[in-house]
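As structure tokens, the structure follows; a few thoughts come after it.
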Amino acid sequence: MKKTVLITGASGGIGQALVRSFAAAGYQIAIHYHKNRQGAEEARQAALAAGALALCYSCDIGNSRAARAMAAKAAEELGEITHIINNAGFGQQKLFTDISDSQWEEMFAVHVHGAFYCSQAVLPAMIRRQKGSIINISSIWGQTGASCEVHYSAAKAALEGMTKALAKELGPSGIRVNAVAPGVIDTAMNGCFDKEVMAQLAEATALGRLGLPEEVARLALFLSGEEASYITGQVFGINGGFVI
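Here you go:
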């Protein structure tokens, strides 16, 4: 059976790197995006250049019906989803007292609800096969918390809790569930910081530099493969020693 991975939020820096890595490894790829059609098409072209079958799907995964319909369409066109990477997300800096109800709800809708809807949609086929892998992309801030990013930190912490609980539930079905928690990665998501702040963050990292999207993607690819067949329920920090 061919390996097919659904990657949510695949139009951004880490998402595109995930597409390239999984395409090079021979996966068929369902490329999810919400608004960044150009980024998704760039990822698709990179996958096609690597010889992989890849199709793009647009939807708001914070909407239950839309997320489930998207997953169903991807399975119909590419074959049953054997792996899923819940990568969709966004950052936002706000004082806690300035976070509106809608901003709090949107943060959880994308990071937590979207992962729930998409994972639940592809699980019946995985359970039937008694095999599969779920990777949730969290953040270092889900582990340590970040000032002025309380809603982001809380959503990522919830995603890590879901990872651990779901791993226990799905283990008897042969399905592994893990999370990757990147540190400061050199992507457009960190474009809100000026060069001075980015330099300070690099200096605060033990390896003295920012992380690369490709490094996150390689870890996710490893965790999805047979080489990681005895690894489940874990949250892997990839932060260059920013937190030890």
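Numbering follows the working numbering, with no gaps: position 116 of the sequence shown is 104. Backbone N, C-alpha and C fix where the C-beta goes; we use that ideal spot for every residue, glycine too. Model, not experiment: these values are computed from the prediction.
Fill in: Classification of G196 by the beta-carbon crowding that lies within 10 angstroms, buried from 16 upward
exposed
Practice prompt. State whether the segment -6 to 6 contacts the segment 15 to 28, with contact taken as three or more CB pairs (one from each stretch) at a distance under 8 Å.
Written response: Touching, yes, given that three or more Cβ pairs across the two stretches are closer than 8 Å.
Worksheet item: From which residue to which residue does the alpha helix (DSSP H) around R197 run?
Response: Unbroken run through R197: none, as it is neither H nor E.
Worksheet item: Since G120 is in the beta strand (DSSP E), which residue starts that stretch and which ends it?
Response: G120 to I125
Item to complete: Pick out whichever of M58, S46, A57 and S9 has its Cα sitting closest to the Cα of A34.
Response: S9
Discussion item. So the candidates are S46, G133, M58 and H139; which of them puts its Cα closest to the Cα of T85?
Written reply: H139
Fill in: Residues bridged to I248 [DSSP beta-bridge criterion]
The chain is shown from -11 up to 232; residue 248 falls before or after that span and cannot be answered.
Item to complete: Provide the residue span of the alpha helix (DSSP H) that contains G130, from first to last.
Response: Looking at the DSSP string, the run of the alpha helix (DSSP H) that includes G130 is I128 to T132.
Practice prompt. Throw me the rounded Cβ distance for the I125 and G77 pair, which I believe falls under 8 Å.
Written response: Taking the Cβ atoms as the reference, I125 lies roughly 7 Å from G77, within the contact range of under 8 Å.
Worksheet entry | Bridge partner(s) assigned by DSSP for G225 | The partner list for G225 (beta bridge, DSSP) reads A169.
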